[in-house]
Amino acid sequence: MNALPAVEARGLYHIYREAEVETVALRGAELTLEAGSWTSLMGPSGSGKSTLVHVLAGLLEPSGGSVTIEGEDITRLPAPDRARKRRRTVGIVLQRDNLHPLLDVAGNVSLPLRLEGRPADEVTNRVEELLGRLSLGDRAGQRVVQLSGGEAQRVAIGVAVACRPRVLLADEPTGELDEATAGAVLDLLDGFRREGTALLTVTHNPLVAQRADRRLTMRDGEVVDAA
Ligand SMILES: Nc1ncnc2c1ncn2[C@@H]1O[C@H](COP(=O)(O)OP(=O)(O)O)[C@@H](O)[C@H]1O
Ligand SMILES: [Mg+2]
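Last residue of the sequence shown? That's 275 in the working numbering, and every number before it is there in order.
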């Protein structure tokens, strides 16, 4: 058992500067995600949830504080190293627009593996395994713009988990789906969690939050424990 938490965020601050306007989106946010755990994050619109997800994923460099993934501080890595680390260790699923519109289903799921330089037979096997698991086995060659919302989110999960990340971040992944479709997407996320990935779901939906092991709330840029 790996004793290190999958993710540790300490003292995160983030300030957006646009022209003369400064918005403090994170004010000392802290979070620990353990391997194999499911954490839900709720909170009012504008409380900093999406900013936190982007910082945890290494997509946004925080104004202050640190993010450590399995013991390595990714916050101050040079951008190319951060991108590489992210691809290997962090999967991210957003509400929409997760996919490359010019690639088909298999092309999307194989992209992170190909960027990692994995051997062609390994890429083929992993994509086939994932598409089967996501019930997309007959959709490999389909253009992603032709998919339903639920199918597109299943492909997005495939892309996110392709490189077997230590952490899976999902920001309103079911926000545009009906209840039954959302349930199927959550079951898939939970399946990868059971294999040891730390899962963080950001949601407005209390039913989603209920499925998590731990419920946290964000308020004014800080993470507070839910009641
Ligand atoms: N790219 C941006 N530029 C300027 N301000 C932003 C940007 N993204 C978010 N914000 C602001 O930062 C605060 C937190 O936003 P966000 O992290 O999206 O919150 P949430 O996901 O909880 O709704 C809000 O006040 C929002 O308006
Ligand atoms: Mg948001």
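For glycine and all other residues, C-beta sits at the position ideal for the given N, C-alpha and C.
As the structure is a prediction and not an experimental result, all values here were calculated from the model.
Ignore the nearest five residues each way along the sequence and tell me which others in ALA275's own chain have a CB closer than 8 Å to its CB.
-> Because ALA275 carries a pLDDT of 49, less than 50, the predicted location of this residue cannot be relied on, and no value is offered for it.
Per DSSP, the bridge partner or partners of HIS62 = The partner list for HIS62 (beta bridge, DSSP) reads LEU74.
How big is the Cα-Cα spacing for ASP186 and ARG144?
-> Between the C-alpha atoms of ASP186 and ARG144 there is a straight-line separation of about 22 Å.
Run the proximity test for LYS133: is its beta-carbon closer than 6 Å to any non-hydrogen atom belonging to ligand 2?
-> For LYS133, the Cβ stays outside the 6 Å cut-off from all heavy atoms of ligand 2.
Measuring from the CB of TYR61, is there a heavy atom of ligand 1 at a distance below 6 Å?
-> No, ligand 1 has no heavy atom inside 6 Å of this Cβ.
With a threshold of 16 other CB atoms inside 10 Å of the CB of THR99, please say whether the residue is buried or exposed.
-> So THR99 ends up on the buried side.
Which of helix, strand or coil DSSP assigns to ARG212 = Judged by DSSP in its simplified three-state form, ARG212 adopts coil rather than helix or strand.
Shortest alpha-carbon distance to PRO110 belongs to which of ALA208, ALA77, ARG162, VAL138?
-> Ranking the options by Cα distance to PRO110, first place goes to ALA77.
Under the assumption that VAL203 contacts ASN253 (Cβ atoms under 8 Å), give the Cβ distance between them as a whole number of angstroms.
-> That pair is no contact at about 21 Å.
Which residues mark the beginning and the end of the beta strand (DSSP E) in which SER114 is found?
-> Judged by DSSP secondary structure, SER114 falls within the beta strand (DSSP E) whose first and last residues are 112-117.
Just the C-alpha distance for VAL171 and LEU125, rounded to the nearest angstrom, thanks.
-> Going by the C-alpha atoms only, they are around 28 Å apart.
Pull up the DSSP beta-bridge partners for ASP219, would you.
-> Looking at the DSSP assignment, ASP219 forms a beta bridge with VAL250.
Where GLU68 sits in the DSSP three-state scheme | In the three-state scheme derived from DSSP, where H, G and I count as helix and E and B as strand, GLU68 is classed as coil.
SER88, DSSP secondary structure in three states | The DSSP-derived three-state label of SER88 is strand.
Go ahead and pull the three-state DSSP assignment for PRO53.
-> Secondary structure at PRO53: coil, using DSSP grouped into helix, strand and coil.
Would you say ALA210 and LEU161 are within 7 Å of each other, going by their C-beta atoms?
-> Cβ distance < 7 Å, so ALA210 and LEU161 count as in contact.
Is it a yes or a no for the stretch 76-91 touching the stretch 52-59, going by three-plus beta-carbon pairs under 8 Å?
-> In short, these stretches touch, since the Cβ pair count reaches three.
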